[in-house]
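Working notes, structure below.
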Amino acid sequence: MKLPLVELHLHIEGTLEPELIFDLAARNRVTLPWASLPELRGQYEFDDLQSFLNLYYRNLDVLRERVDYGDLTRAYLERARTAGVRHAEIFFDPQAHTSRGIPLLTALGGVRDALDTSEADWGISTKLIVTFLRDRSAAEALAMLEEILASEFRIDGIGIDSAEVGYPPELFTEVFELARANGLHLVAHAGEEGPPSYVWQALDLLGVERIDHGIRSLEDEALLDRLVTDRIPLTVCPFSNVRLRVIDTLADHPIVRMLDRGLLACVNSDDPAYFGGYIDDNLAALDREFGLGPDRLALLAHNGVEASFLDAAEKASLSAEVDAWRAAQA
1 MKLPLVELHL HIEGTLEPEL IFDLAARNRV TLPWASLPEL RGQYEFDDLQ
51 SFLNLYYRNL DVLRERVDYG DLTRAYLERA RTAGVRHAEI FFDPQAHTSR
101 GIPLLTALGG VRDALDTSEA DWGISTKLIV TFLRDRSAAE ALAMLEEILA
151 SEFRIDGIGI DSAEVGYPPE LFTEVFELAR ANGLHLVAHA GEEGPPSYVW
201 QALDLLGVER IDHGIRSLED EALLDRLVTD RIPLTVCPFS NVRLRVIDTL
251 ADHPIVRMLD RGLLACVNSD DPAYFGGYID DNLAALDREF GLGPDRLALL
301 AHNGVEASFL DAAEKASLSA EVDAWRAAQA
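Going by full-length UniProt numbering, the first residue of the sequence shown is number 1, and it counts up by one from there.
Shown next, in the form of structure tokens:
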């Protein structure tokens, strides 16, 4: 049996595989600057977060119709099932589409079309978290959130992502206040390239329940104490950290130190089409590098369950599945 997994840090746009890019380009008559898959794959070397984002946003131009967003989401869910994912809380960046002239509800509706049947079709429960681009204005994010709340489409939470340095969480307090007033869950990318102070702001000014990335929290002992004491989850993405040069090599990744420090850290894939692997690939690579073994692999899976926005009964059920997997490894 596969280790049952919960994925909490996954950008649906970041699952756009090169093959699907070419398929959608043909369907929508979009001219690509690359003549072949190998030529496109040759672009997948990044110096930092911004160099990745430049390609990421360029590739999104092939997404034009509601059905495209549904196909993208279904392709991820199919791959997630093979990885052992039982529950996924998926990020969706509406501004990455509306900025290209795609109607908000076209993009959101396509994603929801796939998620609404995810449990029946793939055995994966899902939640949808709308993430706003922090390098665009908070006023734009606020207006977009108001439009989503007035629409027929359900979302489960909001977050902020994209370029981090120079765009502190405090810029988005009003957006998060509106989300909180409407019963939405709150998360934020912080402490990836940005300093530990951004993690503090996300916690104290935005009131987030979960920190996405957060590995620079290790630079601040007082922050670590806060994260451990309050059981604030960190959704860690090892392949992403290496490919975006947040760390040099996988051997330098702090995941074991984070677990040993008592942090509620879990492993995720972030943008797997760009970073070389899905959640199971990340875990397998960490296991090879650090010899995690069944106990630490089960701990990471349990942490994902605890960090999720599932209810208590759903968490208990998934935790029992993880325990059954661990017992089978004896």
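Cβ coordinates follow ideal geometry from the N, Cα and C atoms, glycine included. Here the structure is a predicted model, which is why all the values come from computation and not from measurement.
Asked                                                                                                          : Found
As assigned by DSSP and simplified to three states, the class of His9                                          : strand
Assigned secondary structure, Ser125 (DSSP; H/G/I helix, E/B strand, else coil)                                : strand
Selection from Arg154, Pro169, Gly191, Leu223 that minimises the alpha carbon distance to Arg136               : Pro169
Contact belief for Arg210 with Ala307 at Cβ below 8 Å, rounded distance in angstroms                           : 6 Å
Stretch-stretch touch, CB-based, cutoff 8 Å, three pairs: the segment 74-90 with the segment 26-43             : no
Minimum Cβ-Cβ distance from Pro38 to chain C less than 7 Å                                                     : Among the protein chains of the structure shown there is no chain C, as only one such chain exists.
Pick from His189, Ala150, Phe153, Glu152 that is closest to Val165, judged by C-alpha positions                : His189
Opening and closing residue of the alpha helix (DSSP H) in which Pro294 lies                                   : 293-307
Residues that Glu89 bridges to, as DSSP identifies them                                                        : Lys127
Alpha-carbon to alpha-carbon, Thr235 and Arg245                                                                : 18 Å
Sequence-distant residues of the same chain with beta carbon closer than 7 Å to Val208, five excluded per side : Leu186, Val187, Ala188, Ala202
Distance, Arg261 Cα to Val67 Cα                                                                                : 45 Å
Beta-carbon proximity check, Glu177 vs Ile129, cutoff 7 Å                                                      : no
Span separating the alpha-carbon of Ala328 from that of Leu3                                                   : 10 Å
Sheet register partners of Ala265 (DSSP bridge)                                                                : Leu234
Which of helix, strand or coil DSSP assigns to Leu224                                                          : helix
Own chain residues within Cβ distance below 7 Å of Ala179, not counting five before or after                   : Leu145, Ile158, Leu186
Leu108 (DSSP reduced to helix, strand or coil)                                                                 : helix
Ala251 - containing alpha helix (DSSP H), residue span                                                         : No alpha helix (DSSP H) contains Ala251, which DSSP labels as neither H nor E.
Given Trp325 as reference, the closest of Ala301, Lys315, Glu314, Ala150 once Cα atoms are compared            : Ala301
C-beta contact flag for Phe290 and Ser240 at 7 Å                                                               : no
Cross-strand partners of Val187 (DSSP beta bridge)                                                             : Arg210
Supposed contact pair Ala83 and Asp225 - C-beta distance, whole angstroms, cut 8 Å                             : Wrong, their Cβ atoms sit about 34 Å apart, outside the cutoff.
Backbone CA spacing between Gly123 and Arg86 [nearest angstrom]                                                : 7 Å
Residue burial classification, Glu221 (beta-carbon count within 10 angstroms, cutoff 16)                       : exposed
Own chain, CB closer than 7 Å to Pro94, minus 5 neighbours either side, in chain order                         : Leu104, Ala107, Leu108, Val130, Met144
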